[in-house]
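Residue numbers (the working numbering), protein chains in the order written: chain C, 10 to 278; chain B, 710 to 963. All C-beta atoms, glycine included, are put in the ideal place defined by N, C-alpha and C.
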C-alpha cells in the first residue's frame, strides 16, 4: 500500500476463544492510514468489537499482530496513543463531568491549570459548557456519551477507537451525534476506527467501510465511501448515499455487486 | 433532607405509641415486672442518669473498639481477596459458613480467653460480628465493577494499583457504608450481650442483667433505653459520614 505510514496495521490477525473451540476472527488484514475514518460493520458476533479490542491491546490475538503508530499494540497502549469510547459511556459515577473528562489527563500527570484549561475546551467541543459540575446520573444518555467522547479526545490521541458509541441512543440523537462526531473529526484531525451495526451510520461517517462476515469473522469487503465532505443532513438524502448503503447491505448479505472473496456465503451456516 | 414538617407523621406515631402503652397498662392493670409504665421508665432514666450513662459510655467504648477492629479487618481482608482472586475464591465458602455461625454463642469463651473484666473480651465479640458483613459487602463492591470500566483504565496504561485506587475502591464505598451501618448495630448487640455473660459492674449489659435479677425492672428498661439511644446515635453518625462521602450518589425520593 502506498501513501503515508499507516496508523494501524492489522496483519493476519486470528482470535479464538475457549481453547480454540470458537473461532472469532480469521486472518484479518487491514491497514488504516492517517485521517481515515474506517467503520467495521457486520452482524452480531462477527468479532468486530473483538478486533477493536485487539487494536487497543485490551485482548491478545491468537495469531498475527497489530502495529499502531509503528509500535506494537502493547507499546502504543502504554504510550496512551489512542482514546476509546464504548457503547455505554462508562463514566465514573463518583466523578463530576469535568473530573471524568480530566481523568486521562490526571493519569498522564498534567498539572492542574493545564487540565482545567483543556477540560474547558473539551466541554466547548462537545457543547456541554455549564455542565462541568454535574454528576453522570444527572445527564441524559446522549450527554453522557458526549462526555465520554470528550474524555477520549482530551489528551489529543491521534487514534480514536469507538465501539458502537451511539448504539444505545435513539435515532434522532444518534444522527445529531453523528454530525457532531464528523465535525470533531474534522477539527482534531484524528484517525477513527468505528464499530457499528448500522449501515446508514457507517456510510454517513466513514471514508471506508470494512464489511465483516459472521463467525468466523473475516473482512468480506472494503468499500470506499466517496461522498464529499463536509457531510450534512442533506448528505443522507443524496442518491449516492443510497447507492453506497445498498452496496454495503449487499456485501453484508454475501451477494455483493462486486466479486466477494470466496467462502463468504458458507460463513452464513 | 426533608424539612421539619416531614417528621410530623413519625412524631405522631411515637406519641400515639407511648400513649397506647401507658393506657394499656392502666386499663388492664399489667404487673410492673412484665411491663413498666413509660413514665416510670423515664423517671428512673432521669433519677439514675449518672450511673446509666456511665455504664452506657463504658459499653459504647467496647462496641466502638470492636466496630473499628472488625471493620478494619473486614476491609483489609476484602482488599486482599479482591487483589488475589484465587485466594478469595478459596476462602469465600468458609467466610460464608462462618457468617452463619451465631457468634454471640462464643461470648462465654472469649470471657475466658481475655478475662471477664477486660473490655477486649467484649470487643472481640463485637469485632467478629462486624467483620463478616463488612468483608463480604466490601468484596462485592470491589469486584462488581463493569468490565469496560477496567478496560478504559487499561487503555490509559493503568496498573492494578491504580485501578484499585481510582475505580475499585470508589466503587466499593456504597457497599462499605451499607455494611458499616449494619455493623454499628451489631457492635452494640455484641458488646451488650457479651456483658450478659459477666463483666465489669460498670457495664450496661451487667446493669441490665442485675437490675432484672433484683426485680428493678424500671432500671433494666431505662438501661435498655440508654443502649437504644447509643445504638441509634452510632447508626446516625455513620449515615452522616456516608452522606458526605457519597454526595455523588443518586438519591431516591426520601
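Interface flag, residue i vs chain B, CB-CB below 8 angstroms
{"i": "residue 113 of chain C", "result": "yes"}
{"i": "residue 86 of chain C", "result": "yes"}
{"i": "residue 158 of chain C", "result": "no"}
{"i": "residue 95 of chain C", "result": "yes"}
{"i": "residue 194 of chain C", "result": "no"}
{"i": "residue 124 of chain C", "result": "no"}
{"i": "residue 169 of chain C", "result": "no"}
{"i": "residue 99 of chain C", "result": "yes"}
{"i": "residue 65 of chain C", "result": "yes"}
{"i": "residue 233 of chain C", "result": "no"}
{"i": "residue 103 of chain C", "result": "yes"}
{"i": "residue 116 of chain C", "result": "yes"}
{"i": "residue 89 of chain C", "result": "yes"}
{"i": "residue 146 of chain C", "result": "yes"}
{"i": "residue 74 of chain C", "result": "no"}
Supposed contact pair residue j and residue i - C-beta distance, whole angstroms, cut 8 angstroms
{"i": "residue 940 of chain B", "j": "residue 897 of chain B", "result": "4 angstroms"}
{"i": "residue 225 of chain C", "j": "residue 35 of chain C", "result": "4 angstroms"}
{"i": "residue 904 of chain B", "j": "residue 819 of chain B", "result": "About 12 angstroms; that fails the 8 angstroms criterion."}
{"i": "residue 927 of chain B", "j": "residue 764 of chain B", "result": "That belief does not hold up - the Cβ atoms of residue 927 of chain B and residue 764 of chain B are roughly 15 angstroms apart, past 8 angstroms."}
{"i": "residue 773 of chain B", "j": "residue 839 of chain B", "result": "Rounded, the Cβ-Cβ distance is 11 angstroms, inconsistent with contact."}
{"i": "residue 834 of chain B", "j": "residue 812 of chain B", "result": "7 angstroms"}
{"i": "residue 221 of chain C", "j": "residue 57 of chain C", "result": "6 angstroms"}
{"i": "residue 191 of chain C", "j": "residue 113 of chain C", "result": "Incorrect: roughly 23 angstroms between the Cβ atoms, too far for contact."}
{"i": "residue 90 of chain C", "j": "residue 78 of chain C", "result": "5 angstroms"}
{"i": "residue 783 of chain B", "j": "residue 844 of chain B", "result": "4 angstroms"}
{"i": "residue 901 of chain B", "j": "residue 889 of chain B", "result": "Rounded, the Cβ-Cβ distance is 19 angstroms, inconsistent with contact."}
Buried or exposed (CB count within 10 angstroms, at least 16 for buried), residue i
{"i": "residue 938 of chain B", "result": "exposed"}
{"i": "residue 47 of chain C", "result": "buried"}
{"i": "residue 181 of chain C", "result": "exposed"}
{"i": "residue 101 of chain C", "result": "buried"}
{"i": "residue 870 of chain B", "result": "exposed"}
{"i": "residue 123 of chain C", "result": "exposed"}
{"i": "residue 803 of chain B", "result": "exposed"}
{"i": "residue 17 of chain C", "result": "buried"}
{"i": "residue 267 of chain C", "result": "Below a pLDDT of 50, predicted positions are generally treated as unreliable, and residue 267 of chain C, at 47, falls in that range; the measurement from the model is reported next regardless. Its Cβ having fewer than 16 others within 10 Å, residue 267 of chain C is exposed."}
{"i": "residue 23 of chain C", "result": "buried"}
{"i": "residue 750 of chain B", "result": "buried"}
{"i": "residue 766 of chain B", "result": "exposed"}
{"i": "residue 793 of chain B", "result": "exposed"}
{"i": "residue 256 of chain C", "result": "buried"}
{"i": "residue 836 of chain B", "result": "buried"}
{"i": "residue 733 of chain B", "result": "exposed"}
{"i": "residue 13 of chain C", "result": "exposed"}
{"i": "residue 953 of chain B", "result": "exposed"}
{"i": "residue 810 of chain B", "result": "exposed"}
{"i": "residue 856 of chain B", "result": "exposed"}
{"i": "residue 247 of chain C", "result": "exposed"}
{"i": "residue 771 of chain B", "result": "buried"}
{"i": "residue 724 of chain B", "result": "exposed"}
Residue i at chain C interface by Cβ criterion, 8 angstroms
{"i": "residue 952 of chain B", "result": "no"}
{"i": "residue 865 of chain B", "result": "yes"}
{"i": "residue 957 of chain B", "result": "yes"}
{"i": "residue 858 of chain B", "result": "yes"}
{"i": "residue 855 of chain B", "result": "yes"}
{"i": "residue 946 of chain B", "result": "no"}
{"i": "residue 923 of chain B", "result": "no"}
{"i": "residue 811 of chain B", "result": "no"}
{"i": "residue 861 of chain B", "result": "yes"}
{"i": "residue 963 of chain B", "result": "With a pLDDT of only 40 at residue 963 of chain B, under the threshold of 50, the placement of this residue in the model should not be trusted, and no figure is reported."}
{"i": "residue 876 of chain B", "result": "yes"}
{"i": "residue 879 of chain B", "result": "yes"}
Residues sharing a beta bridge with residue i, DSSP
{"i": "residue 22 of chain C", "result": "C:37"}
{"i": "residue 171 of chain C", "result": "C:94, C:203"}
{"i": "residue 17 of chain C", "result": "C:41, C:77"}
Proximity test, residue i beta-carbon vs the ligand HEM heavy atom, cut-off 7 angstroms
{"i": "residue 842 of chain B", "result": "Within the structure as shown, the ligand HEM is missing, as the structure has no ligands at all."}
Worksheet item: Counting only runs that start and end within the region 27–100 of chain C, where is the alpha helix (DSSP H) found for 4 or more residues in a row?
Response: 57–64, 82–87
Item to complete: Would you list, in sequence order, the uninterrupted beta strand (DSSP E) runs of no fewer than 3 residues that lie entirely inside the region 889–917 of chain B?
Response: none
Worksheet item: What are the complete alpha helix (DSSP H) segments, minimum 4 residues, inside the region 185–258 of chain C?
Response: 208–214
Practice prompt. At 4 residues or longer, and completely inside the region 805–881 of chain B: list those alpha helix (DSSP H) runs for me, N to C.
Written response: 816–823, 828–852, 856–864, 869–872
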